[in-house]
């Protein structure tokens, strides 16, 4: 029954992506892991397909996700992000993370709204802007890490600057899961900081390819899970990660890859230490 | 008494003329628009702007420059495109329109080029390159004058101009007005 549900979900997501009249901008033209501000133009679509892995001392978890976004107005974007590969290898106890801050947690369907509530363009190619995120999460599995999973909510704020040479974004968010059958996954507060740079050789004018490099950092502070109303001592902690990513853009196409390494991990109880996480992302913008 | 009655009559005439629709044109046809756009930083920004502007009825070609922050639109003859329509597309794309320059269309340029004439004007009184540069600057600023080149070695100027907008005699006058002595223009 569970397998049938997952298969149906995967097929539905693939059909939705394939049949949508025009598709959407996934991790946007920003970082691979962190939060970023850009939203789609009014009436534009983006399709963002991402492969993410997390590796710890016990093995690896992998996830394919697809996100479809639509520009409701030039400052309001609606998205739906779905996991496409529930059958891939999973760690016995994967760390609590959203994988990529803008695409939702492992195993969750996440409809979201992005509202760019502030923007200022002081010169050619420059933008200062701030965006708020609000999303809900619908789990595709009954239990995760031995904890029954309920639906959840996620809210985040990010502010930043984009230009033809440098970029930066600073943001933070909070994910909360509701209880299911007396169990509840711990809350997940997180912060992200990103600095980007475009090398001089890639500052050619459109339609030449457009490449940029980022240094990304992510802080995650998961709370303790509750099982039958009792706190699980082998959950929760603090983790800071740092790593590079690269984004290539050409016309309506985008390809991005990044890796993050933990630089600080303080995990409560008995938990595996994370070694690294990766993202490979492919995007197409429909106009 | 006659004067007092004349003013209301003039006003009434003006109102009637406006009502008849032959006063000022509300919308003049544009053939090329260069829109300055702030906030575009990436290839997909330019791509979405290009695609969005192409959808405007009457637009035949769009060229977006990220480095200059511009979108250049060529418009078909008889188009009804307005600057406000272009501005709205830029705004809906999430960017900031910062002004527009209406440039002559390529076809209009060619037509104007066909009407241009070039004259050779001998000039006395030039003693240095600064004199030549001064005359060249004055000629270039004249309405109806295209390319102009003043040669100190030849003691002469070659001036391209549109006879429907300026005469060779007027060009001679301008040179003389600067304190030099222009001779009789000869067609080239």
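Residue numbers (the numbering used here), protein chains in the order written: chain A, 143 to 429; chain B, 613 to 800.
Each residue gets a CB set at the ideal place from its N, CA and C atoms; glycine is no exception.
Keep in mind the model is a prediction, meaning the values are calculated, not measured.
Check: Chain A residues whose Cβ lies nearer than 9 Å to that of residue 712 of chain B; Outcome: Chain A residues near residue 712 of chain B: none, gap ~15 Å exceeds 9 Å.
Check: Cβ separation of residue 315 of chain A and residue 177 of chain A, assumed to be a contact under 8 Å, to the nearest whole Å; Outcome: 7 Å
Check: Backbone secondary structure at residue 788 of chain B - three-state DSSP; Outcome: helix
Check: Partners in chain B for residue 391 of chain A, counting only beta-carbon separations shorter than 7 Å; Outcome: 654, 655, 656
Check: Residue-level contact to chain A via CB, residue 809 of chain B, 9 Å cutoff; Outcome: No statement about residue 809 of chain B is possible, as the shown extent of chain B runs from 613 to 800 and does not include it.
Check: Residues that residue 685 of chain B contacts on chain A, provided the C-beta gap is smaller than 9 Å; Outcome: Here the premise fails: no neighbours, minimum Cβ distance about 15 Å.
Check: Contact set between residue 678 of chain B and chain A, taken where Cβ atoms lie within less than 7 Å; Outcome: 267, 306, 347, 348
Check: Residue environment, residue 406 of chain A, which counts as buried when at least 16 other CB atoms sit within 10 Å; Outcome: exposed
Check: Exposure of residue 403 of chain A, with buried meaning 16 or more beta-carbon neighbours within 10 Å; Outcome: exposed
Check: Cβ of residue 673 of chain B within 9 Å of any chain A Cβ; Outcome: no
Check: Same chain, Cβ closer than 6 Å to residue 793 of chain B, neighbours up to 5 away in sequence not counted; Outcome: 736, 737
Check: Outcome for residue 200 of chain A when other beta-carbon atoms lying within 10 angstroms are tallied against a minimum of 16; Outcome: exposed
Check: Alpha helix (DSSP H) segment containing residue 749 of chain B, residue limits; Outcome: 741-752
Check: Candidates A:318, A:184, A:371, A:426, of which the one nearest residue 252 of chain A by Cα; Outcome: A:318
Check: As assigned by DSSP and simplified to three states, the class of residue 799 of chain B; Outcome: strand
Check: Straight-line Cα distance separating residue 182 of chain A from residue 222 of chain A; Outcome: 14 Å
Check: Buried or exposed by the 16-neighbour rule on C-beta atoms within 10 Å, applied to residue 273 of chain A; Outcome: buried
Check: Residue 741 of chain B classed as buried or exposed, judged by whether at least 16 other C-beta atoms fall within 10 angstroms; Outcome: exposed
Check: CA-to-CA distance, residue 427 of chain A to residue 167 of chain A, given in whole angstroms; Outcome: Bear in mind that the predicted position of residue 167 of chain A carries a pLDDT of just 33, short of 50, making it unreliable; the figure below should be weighed with that in mind. Straight-line Cα distance between these residues: approximately 5 Å.
Check: Closest by C-alpha distance to residue 773 of chain B, when choosing among B:683, B:783, B:782, B:757; Outcome: B:757
Check: Proximity test, Cβ basis, 9 Å: residue 208 of chain A and chain B; Outcome: no
Check: Beta-carbon proximity of residue 394 of chain A to residue 656 of chain B, cut-off 9 Å; Outcome: yes
Check: Proximal residues of chain A, C-beta to C-beta of residue 560 of chain B below 7 Å; Outcome: No answer is possible for residue 560 of chain B: it lies beyond the span of chain B, which begins at 613 and ends at 800.
Check: Touching by the beta-carbon criterion (3+ pairs, under 8 Å), the region 638-652 of chain B and the region 676-684 of chain B; Outcome: yes
Check: Under 9 Å between C-beta atoms of residue 241 of chain A and residue 369 of chain A; Outcome: no
Check: Residue 296 of chain A versus residue 238 of chain A: straight-line alpha-carbon distance, rounded; Outcome: 14 Å
Check: Any C-beta of chain B under 9 Å from that of residue 167 of chain A; Outcome: Note on residue 167 of chain A: pLDDT 33, under 50, position unreliable in the model; the coordinate value appears next. With 9 Å as the cut-off, residue 167 of chain A counts as an interface residue toward chain B.
Check: Cut-off 6 Å between Cβ atoms - residues of its own chain near residue 302 of chain A, not counting five sequence neighbours on either side; Outcome: 179, 310, 311
Check: Residue 731 of chain B to residue 762 of chain B span [Cα, whole Å]; Outcome: 12 Å
Check: Euclidean distance between Cα positions of residue 399 of chain A and residue 266 of chain A; Outcome: 28 Å
Check: Contained beta strand (DSSP E) runs [length at least 3] in the region 637-725 of chain B, N- to C-terminal order; Outcome: 644-650, 671-677, 682-687, 708-715
Check: Minimum C-alpha distance to residue 285 of chain A - residue among A:264, A:366, A:325, A:371; Outcome: A:325
Check: The region 380-388 of chain A touching the region 205-221 of chain A, judged by at least three CB pairs closer than 8 Å; Outcome: no
Check: Local conformation of residue 341 of chain A per DSSP, three classes; Outcome: coil
Check: Beta-carbon neighbours of residue 764 of chain B, restricted to chain A and to distances below 8 Å; Outcome: Result: empty, since nearest Cβ-Cβ is about 39 Å, beyond 8 Å.
Check: Completely contained beta strand (DSSP E) runs for the region 177-265 of chain A, where each covers 3 or more residues; Outcome: 187-198, 201-215, 218-225, 250-262
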